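Participant: By full-length UniProt numbering, the letter at position 115 of the sequence shown is numbered 115, and the numbering carries on one by one without gaps.
Beta carbons are placed, not taken as given, at the ideal position from N, Cα and C, and that holds for glycine.
No experiment lies behind these values; they were computed from the predicted model shown.
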Amino acid sequence: MKNLYNTTLLLFAAFILFSCRNSNEIPEDIHEHEEIEKLVITATNKNNASDVQIINYIGGVADGFLQLQQGATYAVKLDFQVKHDDHYESVNEEITAEKDEHFITFQFSDSDVAVKRASDDVVRTDGNKVGLSTEWKINSVSATGKANIKLVHTPNSVNQNYPTADNQQGQTSGGETDVNVLVYLH
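#1: If we count Cβ pairs, one from each stretch, closer than 8 Å, do we get three or more for the segment 97 to 117 versus the segment 34 to 42?
#2: Taking just the CA atoms, how far does residue 122 sit from residue 132?
#3: Here's the rule I'm using: 16 or more other beta-carbon atoms within 10 Å means buried, otherwise exposed. How should residue 147 be labelled?
#4: For residue 196 versus residue 66, is the C-beta spacing smaller than 7 Å?
#5: Evaluate residue 59 with the Cβ neighbour count: other Cβ atoms within 10 Å of its Cβ, from every protein chain shown; 16 or more gives buried, anything less gives exposed.
#6: From the DSSP output, in three-state form, read off residue 95 for me.
#7: Quick check: residue 126 and residue 153, are their CB atoms within less than 7 Å of each other?
#8: What number of angstroms, rounded off, separates the C-alpha of residue 115 from the C-alpha of residue 85?
#9: Please report how far the alpha carbon of residue 105 lies from the alpha carbon of residue 174, in whole angstroms.
#10: Considering only the alpha carbon of each residue, which of 181, 149, 120 lies closest to residue 75?
#11: In the DSSP output, what is residue 117 paired with across the bridge?
#12: Short of 7 Å in beta carbon distance, which residues of its chain neighbour residue 72, apart from the five on each side in sequence? Order them along the chain.
#13: Taking a contact to mean a Cβ-Cβ separation below 7 Å, would you say residue 113 touches residue 136 in this structure?
#14: How many Å lie between residue 186 and residue 109 at the Cα?
#15: Name, in chain order, the residues that DSSP records as bridge partners for residue 112.
#16: Can you check DSSP and say which residues form a bridge with residue 87?
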């Protein structure tokens, strides 16, 4: 009799536990972390609006390089994209909506380029700008010049004023690199 009582009690508890659960009580991951496969870089010479360069990086391969003039300043816009079916879609709106989870850094080699995060850039709640919209002042660029652009997801800390407030290449600690692109400059 005691075994029958324990079995009945166990079945009743299991029934109550599972019958009270419904789809509203089970948390679901609403943020699908899609792989960013494409980066479109648009660089517009601020002194010559007809000098617009668009470079596409798909799967880490570029369809060209940026030809930057020494002494010029370029408005540089970044558009991160994911592939759906047979076309690419921008995820910049998602990056903007989740601005505190994203930050972009720039690092230059064999070139002297000062980065300024633009006034129309997305501002995080900590006051740092994400880096989707920047201005690059070209002090010098060599034939072997490169720019390394990284989109970092959930960094522990960010500093837009690295190395200085006049050269905001940015720095992060922690986080995961979602995109790491090497841009060739000439």
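Facilitator: Once the coordinates are examined:
#1: no
#2: Residue mapping note: residue 132 aligns to position 132 of the sequence shown, counting from 1. Residue mapping note: residue 122 aligns to position 122 of the sequence shown, counting from 1. The alpha-carbon atoms of residue 132 and residue 122 are separated by roughly 7 Å.
#3: Numbered from its first residue, the sequence shown carries residue 147 at position 147. So residue 147 counts as buried.
#4: The chain is shown from 1 up to 186; residue 196 falls before or after that span and cannot be answered.
#5: Residue 59 sits at position 59 when you count from the first residue of the sequence shown. It counts as exposed.
#6: Within the sequence shown, the letter at position 95 stands for residue 95. In the structure shown, residue 95 sits in a helix (DSSP, three-state: H, G or I).
#7: Reading the sequence shown from its first residue, position 126 is the one you call residue 126. Reading the sequence shown from its first residue, position 153 is the one you call residue 153. Going by C-beta atoms, residue 126 is not nearer than 7 Å to residue 153.
#8: Counting from one through the sequence shown, the residue named residue 115 turns up at place 115. Counting from one through the sequence shown, the residue named residue 85 turns up at place 85. When rounded, the distance between both Cα atoms is 35 Å.
#9: Within the sequence shown, residue 105 is the residue found at index 105, counting from 1. Within the sequence shown, residue 174 is the residue found at index 174, counting from 1. Their backbone Cα atoms lie some 13 Å apart in a straight line.
#10: Residue numbering aside, residue 75 sits at position 75 when the sequence shown is read from its first letter. The shortest C-alpha separation from residue 75 is found at 120.
#11: Here the question's residue 117 lines up with position 117 in the sequence shown. Note: residue 117 sits in a beta bridge opposite 134.
#12: One-based indexing of the sequence shown puts residue 72 at position 72. Excluding residues within five positions, the ones whose Cβ falls inside 7 Å are 45, 47, 138.
#13: Residue mapping note: residue 113 aligns to position 113 of the sequence shown, counting from 1. Residue mapping note: residue 136 aligns to position 136 of the sequence shown, counting from 1. Yes; because the gap between Cβ atoms is below 7 Å, this pair is in contact.
#14: Here the question's residue 186 lines up with position 186 in the sequence shown. Here the question's residue 109 lines up with position 109 in the sequence shown. Rounded to the nearest angstrom, the two C-alpha atoms are 12 Å apart.
#15: Taking the first residue of the sequence shown as position 1, residue 112 is located at position 112. In the DSSP output, where bridge partners are listed per residue, residue 112 has 140.
#16: Numbered from its first residue, the sequence shown carries residue 87 at position 87. In the DSSP output, where bridge partners are listed per residue, residue 87 has 84.
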